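> Quick note: the sequence shown uses the working numbering, first residue 2, plus one each step.
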Amino acid sequence: MTKPRLRDLGIVIGDLPAGPHNAITDVPGVQVGHTTVVRDEPRVIRTGVTVIQPRGGTVRDQPVFAGYHAFNGCGEMTGMAFVEEFGWLSSPIALTDTTQVGLVHDALIQYAVERYGKGAHYLGVVGETWGGWLNDRNGFALTREDLFAAMDNAAAGPVAEGNVGGGTAMICYDFKGGIGTSSRLVELAGEAFTVGVLVQANHGERSQLRVDGVPVGRELTEKIVPLAFATPPTDAAEGAWSGPSQTSSIITVIATDAPLLPLQCKRVARRGVMGVARTGSVAHTGSGDLFLAFATGNDLRVEDEQPINLRALPDWSLDPLFDAVAEAVEEAILNALVAADDMTGFAGHRAPALPHDALQEVMARYRPARA
Numbered sequence: 002m003t004k005p006r007l008r009d010l011g012i013v014i015g016d017l018p019a020g021p022h023n024a025i026t027d028v029p030g031v032q033v034g035h036t037t038v039v040r041d042e043p044r045v046i047r048t049g050v051t052v053i054q055p056r057g058g059t060v061r062d063q064p065v066f067a068g069y070h071a072f073n074g075c076g077e078m079t080g081m082a083f084v085e086e087f088g089w090l091s092s093p094i095a096l097t098d099t100t101q102v103g104l105v106h107d108a109l110i111q112y113a114v115e116r117y118g119k120g121a122h123y124l125g126v127v128g129e130t131w132g133g134w135l136n137d138r139n140g141f142a143l144t145r146e147d148l149f150a151a152m153d154n155a156a157a158g159p160v161a162e163g164n165v166g167g168g169t170a171m172i173c174y175d176f177k178g179g180i181g182t183s184s185r186l187v188e189l190a191g192e193a194f195t196v197g198v199l200v201q202a203n204h205g206e207r208s209q210l211r212v213d214g215v216p217v218g219r220e221l222t223e224k225i226v227p228l229a230f231a232t233p234p235t236d237a238a239e240g241a242w243s244g245p246s247q248t249s250s251i252i253t254v255i256a257t258d259a260p261l262l263p264l265q266c267k268r269v270a271r272r273g274v275m276g277v278a279r280t281g282s283v284a285h286t287g288s289g290d291l292f293l294a295f296a297t298g299n300d301l302r303v304e305d306e307q308p309i310n311l312r313a314l315p316d317w318s319l320d321p322l323f324d325a326v327a328e329a330v331e332e333a334i335l336n337a338l339v340a341a342d343d344m345t346g347f348a349g350h351r352a353p354a355l356p357h358d359a360l361q362e363v364m365a366r367y368r369p370a371r372a
C-alpha cells in the first residue's frame, strides 16, 4: 500500500519542480534499500537499516566527490574523517539506530568482501539517530543479514517512507517520524540537474513544528494530539531513558548529479541546515544534526596515476542548487511525518502519527487560498 505524501494533502513546498518520484532516487544512479525489523517477542524490537547507494553498486570503484557538515555534533557518522581529508566517498551510506552502528559498519565491510573479493574494502559510512523510546536498545536485534538484505534490495524509483529501515523507531517534533525523501530539478550554467535528499528525522519539539511557515506545532498541542515522549514509563528496571525530544537528531543525505568539487559539496551540505530550520528545529545541545552531500557529476577514478579531467560549476552559479537543497530537505522531513503511522513499542511507549485531517485544517485556516 502506497503511503500518502505531503503533496497528496495539497501542500507544496517551494517553487522549484520536483523530480518524477520526488525522491533522492531521481538523481541518476542513486538507489535506496530498507530492512525493517518489528517484533514483540522475546524483546520489543522496532529497528532497521536504510542503505543509499550513490552509484548503484559501483561506488567502490567509481567514488563520488563528497562533503560533510556537522551543524551540531551530538551524533555519529562513521567515515567522515576520510571524507574531510580526501573529499570523496567510496562506500554505500547506511542509516540505523544508535546502538547498531558497529554491527552495520562491520556488515558493510563483510558485504564488500563477500560480493567483490577478499581485497575489497572501504571505510564504511554509517549514520545514526536514537530510537530507544520505541525500540529496546539493549536488544541488539539487527544482524548482518539485515544489512545484506537492504543492500540487495536497493533500487531506483519510489522510496518507502515513515516507519521503515533506519527510521523505524524515530520520532520527529513529538510525532512519529522516520525516513523521508524529496527532490528538485534545477538549471545551473545552462544545464539541467537534479538534487535529491533523504532524511532520517528524529528531532524537534512539538511547539517548533512549521509546515511551509505555518506554526502547525503550536496549533496541534498535546491537548489535541498526545506528545510522543509523554507516555508514562513502565520500564524502570531496564533503565530506559525518558528525556525530552530536544535531545534527538536528524541525518540528512543530499545527492546531486551536478559536477561539484569537494569544497562545493561541503557548501551544499551546509545548506541542508536551512531546510531543517524551515521546519522549526534550532538544533539543541543534545541533537545530532549531521549532513552529507555527494555529487555524481564527475567520473572519478582515484587509483589512476595519470592526471584526470574534472568538471565543476562556477561557485557564483550555485545559488539555485542551494535553493533546491533547502526546499528538498524541508519537504523530505514533512514527508517523513506524513508517511509515518502510530507506533507502540518498548515498555508501552507510544508515538502518534501526524493526523492528516488536522494538518489540512490548520493549513486551510492560515492559508485558505492555498489549501
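Glycine is no exception: its CB is placed at the ideal position from the N, C-alpha and C atoms. Keep in mind that this is a model prediction, so the values were computed, not measured.
I'd like to know if the region 174-181 and the region 299-307 are in contact, where contact means that at least 3 CB-CB pairs between them fall below 8 angstroms.
The region 174-181 is not in contact with the region 299-307.
> Can you check whether the CB of residue 199 is closer than 9 angstroms to the CB of residue 172?
Taking 9 angstroms as the Cβ cut-off, residue 172 and residue 199 do not qualify as a contacting pair.
> Alpha carbon to alpha carbon, how far is residue 181 from residue 226? Give it in angstroms, no decimals.
Taking the straight line joining both Cα atoms gives about 21 angstroms.
> Leaving out five residues before and five after residue 392 in sequence, what residues of the same chain have Cβ atoms less than 7 angstroms from its Cβ?
One cannot answer for residue 392 here, as it falls past the ends of the chain, which runs 2 to 372.
> Since residue 66 and residue 295 are thought to touch, with beta carbons under 8 angstroms apart, how far apart are those beta carbons, to the nearest angstrom?
At roughly 7 angstroms, the Cβ-Cβ gap stays under 8 angstroms, so residue 66 and residue 295 are in contact.
> So what does DSSP say about residue 98, is it helix, strand or coil?
Residue 98 falls in the strand class under three-state DSSP.
> Starting from the N-terminal side, write out each stretch of the alpha helix (DSSP H) that is 4 residues or longer and does not extend beyond the region 295-361.
Listed in chain order, they are 320-340.
> So, helix, strand or coil for residue 222, using DSSP?
If DSSP states are grouped into helix, strand and coil, residue 222 belongs with coil.
> Would you grab the beta carbon distance between residue 323 and residue 368 for me? Rounded to a whole angstrom, and I think it's under 8 angstroms.
About 25 angstroms; that fails the 8 angstroms criterion.
> For residue 369, which three-state DSSP category applies?
In the structure shown, residue 369 sits in coil (DSSP, three-state: anything other than H, G, I, E or B).
> In whole angstroms, what is the alpha-carbon distance linking residue 11 and residue 360?
Rounded to whole angstroms, residue 11 to residue 360 spans 11 angstroms at the Cα level.
> Could you check the C-alpha separation between residue 107 and residue 215 for me, to the nearest Å?
Using only the alpha carbons, I get a separation of about 43 angstroms.
> For residue 104 and residue 149, what's the separation of their Cα atoms in angstroms?
Approximately 12 angstroms, taken between the alpha carbons.
> According to the Cβ coordinates, are residue 197 and residue 184 closer than 9 angstroms?
Yes.
> Smallest Cα separation from residue 156: which of 303, 30 and 298?
The candidate whose alpha carbon is nearest that of residue 156 is 30.
> Can you list, in chain order, the residues of its chain with a C-beta nearer than 7 angstroms to that of residue 56? Leave out the 5 residues immediately preceding and following it.
Within the same chain, residue 56 has close Cβ partners 30, 63, 65 and 297.
> By the three-class DSSP mapping on this structure, what secondary structure does residue 174 have?
Here residue 174 sits in coil by DSSP.
> In three-state terms, what does DSSP make of residue 150?
Three-state result, residue 150: helix.
> Could you round the C-beta distance between residue 5 and residue 339 to whole angstroms and report it? I think they count as a contact, below 8 angstroms.
At roughly 6 angstroms, the Cβ-Cβ gap stays under 8 angstroms, so residue 5 and residue 339 are in contact.
> Reducing DSSP to helix, strand and coil, say where residue 141 ends up.
In this structure, residue 141 counts as coil in the three-state DSSP scheme.
> Compare the beta carbon distance of residue 43 and residue 229 with 9 angstroms and say whether it is the shorter of the two.
Taking 9 angstroms as the Cβ cut-off, residue 43 and residue 229 do not qualify as a contacting pair.
> Please report the straight-line C-alpha distance between residue 88 and residue 365, rounded to a whole angstrom.
Looking at the two C-alpha atoms, the distance is approximately 45 angstroms.
> Could you give the first and the last residue of the continuous alpha helix (DSSP H) run that contains residue 85?
Residue 85 -> alpha helix (DSSP H) spans 81-87.
> Taking just the CA atoms, how far does residue 25 sit from residue 265?
Approximately 19 angstroms, taken between the alpha carbons.
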